[in-house]
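One gets our numbering by counting positions in the sequence shown from 1 and adding 1096 to each. From the three backbone atoms N, C-alpha and C, an ideal C-beta is built for every residue, glycine too. Here's the structure, in structure tokens; my notes come after.
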Amino acid sequence: MARERQQTDYVGPIRRLLIGLLVFVLFAIFLVWRIDSPRVERFRAMVIDRVVPSFDWAMAPVTGLVNLMQDFESYQRLAEQNADLRRELQQMKAWREAALQLEQENAKLRDLNQVRLDPQLTWVTGVVLADSGSPFRQSVLLNVGSRDGILDGWPVMDGIGLVGRVSGVGRDTSRVMLLTDTSSRIPVTIQPSGQRALLGGDNTINPPLLFLENDDVVRPGDRVVSSGDGGVFPADILVGQVALGTDRRLRVRLAADYERLEFLRVMRSQPAERITETGALIAPLAPPGVDEPEAGPAPEADAADDLARTEGADG
1097 MARERQQTDY VGPIRRLLIG LLVFVLFAIF LVWRIDSPRV ERFRAMVIDR VVPSFDWAMA
1157 PVTGLVNLMQ DFESYQRLAE QNADLRRELQ QMKAWREAAL QLEQENAKLR DLNQVRLDPQ
1217 LTWVTGVVLA DSGSPFRQSV LLNVGSRDGI LDGWPVMDGI GLVGRVSGVG RDTSRVMLLT
1277 DTSSRIPVTI QPSGQRALLG GDNTINPPLL FLENDDVVRP GDRVVSSGDG GVFPADILVG
1337 QVALGTDRRL RVRLAADYER LEFLRVMRSQ PAERITETGA LIAPLAPPGV DEPEAGPAPE
1397 ADAADDLART EGADG
């Protein structure tokens, strides 16, 4: 036990000595670094030149950690820039779609302005709001109605050809029955043969020709226009071209773009004058309120009276 006590007595003083020496060295370094003297400054520079380069291995983990933090911050900035670029790209795609739609609408409006029609005809352009969505009825809804002067039965066109006719009018909207509807029947003329026929809808994109006078003079590719018979539509409105269907029937490939009906033109069709009385074609009827002149004696009666007066004078 005496040996153990002696050994423990040596450890305490040595520990206190080392701690005191370490405090003294640290205090001396503090004083040297705090003394403002040219000699001390040279001494400090010499110590730094000797000691610091040899501590590169000790600074390697710190340098690596700093580089790792910088790389992480750089990666975070790249991720944010990538997210911003993705958002901008998505916005550019939306703007691109909007630009394409505006370009298509502009092209269709230019087509509407370039259509050559009867100069006496006027029109009202409307936007398609919705379609019927039924396989048994082919119609669309326009945003023009009675407040725009639309009347039931007026023909409707797109930028190229005939689409249908107005089949119902509201105050702000109107229903257009398409040529493909099963209830649609319009008289047409096939050029250049001049054959008359009816275009009857059958819920297909290529309706058939009905009641042709002579099928032999009609060829695929012939031009089909409205005939104007019956006063339903004005004459010479483009409908489409003759085509031979898979069922060997003569059909019409419609000129109107039924896949994209966005803007439609409602034609103000003036009703044709109807002849209801005999002789009205030669001389128009007098307007109401105007007295018609009394009919004078016939020329034969005047000649007979003159002859009788002459014979009486001779007698």
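A straight line joining the alpha-carbon of Val1328 with that of Leu1346 spans about 23 Å.
When DSSP states are grouped into helix, strand and coil, Val1335 belongs to the strand group. Look at Pro1134 here: in three-state DSSP terms it is helix. Collapsing the DSSP output to three states places Gly1222 in a strand.
Leu1350 and Gly1257 have their C-alpha atoms some 7 Å from each other. Taking a 10 Å sphere around the C-beta of Gln1291, we find 16 or more other C-beta atoms and assign the residue as buried.
Counting only residues of its own chain and dropping the five nearest sequence neighbours on each side, Gly1341 has a CB closer than 8 Å to the CB of Asn1302, Pro1304, Arg1347. Of the residues assessed, Asp1180 falls on the exposed side of the cut-off, its CB having fewer than 16 other CB atoms within 10 angstroms. Boundaries of the beta strand (DSSP E) around Leu1350: 1346 to 1350. Under a 10 Å Cβ-count criterion, Trp1191 is classified as exposed, with fewer than 16 other Cβ atoms of the shown protein chains found around its own Cβ.
Phe1139 and Tyr1171 have their alpha carbons spaced roughly 43 Å apart. Beta-bridge partners of Ser1280 (DSSP): none assigned. Each of Glu1193, Gly1245, Val1335, Thr1218 was checked against the Cα of Ile1282, and the nearest Cα belongs to Val1335. Within the same chain, and ignoring the five residues on either side of Val1314 in sequence, the residues whose Cβ sits closer than 7 Å to its Cβ are Ile1286, Ser1289, Gln1291, Leu1308, Val1338, Leu1346. Rounded to the nearest whole angstrom, the C-alpha separation of Glu1358 and Val1223 is 6 Å.
A Cβ-Cβ distance of about 6 Å is found for the pair Arg1271 and Leu1237, placing them in contact under the 8 Å criterion.
A residue is called buried when at least 16 other Cβ atoms come within 10 angstroms of its Cβ; Leu1225 does not meet this threshold and is exposed. The Cβ atoms of Arg1243 and Pro1251 lie no closer than 8 Å to each other. Within the same chain, and ignoring the five residues on either side of Thr1218 in sequence, the residues whose Cβ sits closer than 7 Å to its Cβ are Arg1364. Around the beta carbon of Gln1177, fewer than 16 other beta carbons sit within 10 angstroms, so the residue counts as exposed. Cβ-Cβ distances below 6 Å link Asp1332 to Val1321 in the same chain, with the five nearest sequence neighbours on each side left out; the list follows chain order. The three-state reading of DSSP puts Phe1359 in strand, counting E and B together. Judged by beta-carbon spacing, Asp1248 lies within the 8 Å limit of Val1265, meaning their Cβ atoms are closer than that value.
Around the beta-carbon of Ser1279, fewer than 16 other beta-carbon atoms lie within 10 Å, marking it exposed. No Cβ-Cβ contact shorter than 8 Å links Asp1227 with Ala1352. Where Arg1261 is concerned, the enclosing beta strand (DSSP E) starts and stops at 1258 to 1265. For Gly1296, the enclosing beta strand (DSSP E) begins and ends at 1291 to 1296. When C-alpha distances from Arg1356 are compared across Glu1201, Gln1186, Gly1324, the shortest belongs to Glu1201. Within 10 angstroms of the beta-carbon of Val1119 lie fewer than 16 other beta-carbons, which makes it exposed.
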